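A.B. asks: So that we are looking at the same thing, I have put the structure below in structure tokens.
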Amino acid sequence: MQRIIAGLLAGLIFGVGLVISGMSNPLKVQNFLDVFGNWDPSLAFVMGGAILVALPFFRLARSLPRPFVADDFRMPTVQQIDKRLVFGSAIFGAGWGLIGLCPGPALVSFSLLTPEAIVFVVCMTGGMLLARFLANQAMRRALKES
Amino acid sequence: MTEFTPYASLAGGILIGLSTVILLLANGRIAGISGIYSRLFETGKLANGKSAWVQGEKGWQLAFVVGLLLAPLLLMAGGYEIVQVFTGNLTLMAIAGVLVGFGSVFGSGCTSGHGVCGLSRLSVRSLVATVTFMSVGAIVVFVLRHVVGG
Numbered sequence: 001m002q003r004i005i006a007g008l009l010a011g012l013i014f015g016v017g018l019v020i021s022g023m024s025n026p027l028k029v030q031n032f033l034d035v036f037g038n039w040d041p042s043l044a045f046v047m048g049g050a051i052l053v054a055l056p057f058f059r060l061a062r063s064l065p066r067p068f069v070a071d072d073f074r075m076p077t078v079q080q081i082d083k084r085l086v087f088g089s090a091i092f093g094a095g096w097g098l099i100g101l102c103p104g105p106a107l108v109s110f111s112l113l114t115p116e117a118i119v120f121v122v123c124m125t126g127g128m129l130l131a132r133f134l135a136n137q138a139m140r141r142a143l144k145e146s
Numbered sequence: 001m002t003e004f005t006p007y008a009s010l011a012g013g014i015l016i017g018l019s020t021v022i023l024l025l026a027n028g029r030i031a032g033i034s035g036i037y038s039r040l041f042e043t044g045k046l047a048n049g050k051s052a053w054v055q056g057e058k059g060w061q062l063a064f065v066v067g068l069l070l071a072p073l074l075l076m077a078g079g080y081e082i083v084q085v086f087t088g089n090l091t092l093m094a095i096a097g098v099l100v101g102f103g104s105v106f107g108s109g110c111t112s113g114h115g116v117c118g119l120s121r122l123s124v125r126s127l128v129a130t131v132t133f134m135s136v137g138a139i140v141v142f143v144l145r146h147v148v149g150g
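Sequences listed follow chains H and V, in order.
Its first residue numbered 1, the first sequence is counted upward by one per residue in the numbering used here.
Its first residue numbered 1, the second sequence is counted upward by one per residue in the numbering used here.
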């Protein structure tokens, strides 16, 4: 139950942060990416502020035996820079630039129930499921071979 | 044009940082939205043979997404005016949605997982991902605004 409450609280605060910061306004995101046009550098402050707060705690977490309400820290273990990472990130960046929404702000927008946000989130979910399906298939194949 | 909002954006960023710290210290997990959200739909057995629902992760993941969805409603209830300007039609929204969904999961993370958490962990992998999606995003906006629309 504590883990669920922590998850809810984290989601709420994250969502409020996305709205207040301007990340949930697609036009603002595109203006941030428009380095050679009417550049609006505001969103650099979002990532900067978030990292400034989070960085020392990720450091601290390494010396903690376990999290407060869960059994273990589960951090990504993969360190390899492969084609999947770069290809996936490039595809994501293309979609992000095209409209100015990434997954978090898209979900926040969904609550406003505009046709744009609904279409985006439905299609985003479809794209995610396709990528998960492909990833799971690749993993199955790898397990079979090993 | 959108107004330069360094203080509001910094404040929002600090809240986002705080949220990742809560998830890290309490649950020991990464606040990567594409990963959390997309895993909600995994109902069957995972490739390792375990059921996705018995690993105790679904509860907080679902709660996190509910929190994200509730946030704008709470802000509006408090009188905050949410500004959203979309620059594309529904077809473009659909295309962008598929690209964002597929790419973020295929590349193992989005702006939150790679951009905030990954960089805070000083992960080189996440740095490569972040530089990639930001550069491609900037190129696409450049083409849209200054080549096609110029």
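For every residue, glycine included, the Cβ atom is placed at its ideal position computed from N, Cα and C.
Keep in mind that this is a model prediction, so the values were computed, not measured.
1) So for Y37 of chain V, helix, strand or coil by DSSP?
2) So with Cβ pairs under 8 Å, would you call K28 of chain H a contact of chain V?
3) Where are the alpha helix (DSSP H) runs, 4 residues long or more, that stay fully inside the region 56-123 of chain H, in chain order?
4) What did DSSP end up calling E145 of chain H once you bin it into helix, strand or coil?
5) For F14 of chain H, which three-state DSSP category applies?
6) So for R121 of chain V, helix, strand or coil by DSSP?
7) Hey, could you find the ends of the alpha helix (DSSP H) S104 of chain V is sitting in?
8) Classify P56 of chain H as buried or exposed, calling it buried when 16 or more other Cβ atoms lie within 10 Å of its own Cβ.
9) Whole angstroms is fine: what's the gap from L18 of chain H's alpha carbon to R121 of chain V's?
10) Taking the C-alpha atoms as reference points, what is the distance between L24 of chain V and V124 of chain V?
11) Would you mind sorting G88 of chain V into buried or exposed? The rule is 16 or more other CB atoms within 10 Å of its CB.
12) Given that a residue counts as buried once 16 or more other Cβ atoms are within 10 Å of its Cβ, and exposed if not, what is Q80 of chain H?
13) Would you mind reading off the limits of the alpha helix (DSSP H) that contains G67 of chain V?
14) Using a beta-carbon distance below 8 Å, is G149 of chain V in contact with chain H?
15) DSSP state of R29 of chain V, grouped into three classes?
C.D. replies: Looking at the coordinates:
1) Correct three-state label for Y37 of chain V: helix.
2) It does; some Cβ of chain V falls within 8 Å.
3) Entirely contained in the region 56-123 of chain H, the alpha helix (DSSP H) runs reaching 4 residues are, in chain order, 83-99, 103-110.
4) Here E145 of chain H sits in helix by DSSP.
5) Three-state DSSP puts F14 of chain H in a helix.
6) DSSP places R121 of chain V in coil when its eight states are reduced to three.
7) In the DSSP assignment, S104 of chain V falls within the alpha helix (DSSP H) that extends over 90-106.
8) Classification of P56 of chain H: exposed, given that the 10 Å Cβ count is below 16.
9) Cα to Cα, L18 of chain H sits roughly 21 Å from R121 of chain V.
10) Rounded to whole angstroms, L24 of chain V to V124 of chain V spans 19 Å at the Cα level.
11) Per the 10 Å Cβ criterion, buried.
12) The residue is exposed, with fewer than 16 neighbouring Cβ atoms inside 10 Å.
13) It spans 58-77 - the alpha helix (DSSP H) in which G67 of chain V sits, taken as one unbroken run.
14) Not a single C-beta of chain H is nearer than 8 Å to the C-beta of G149 of chain V.
15) Assigned with DSSP and collapsed to three states, R29 of chain V falls in coil, not helix or strand.
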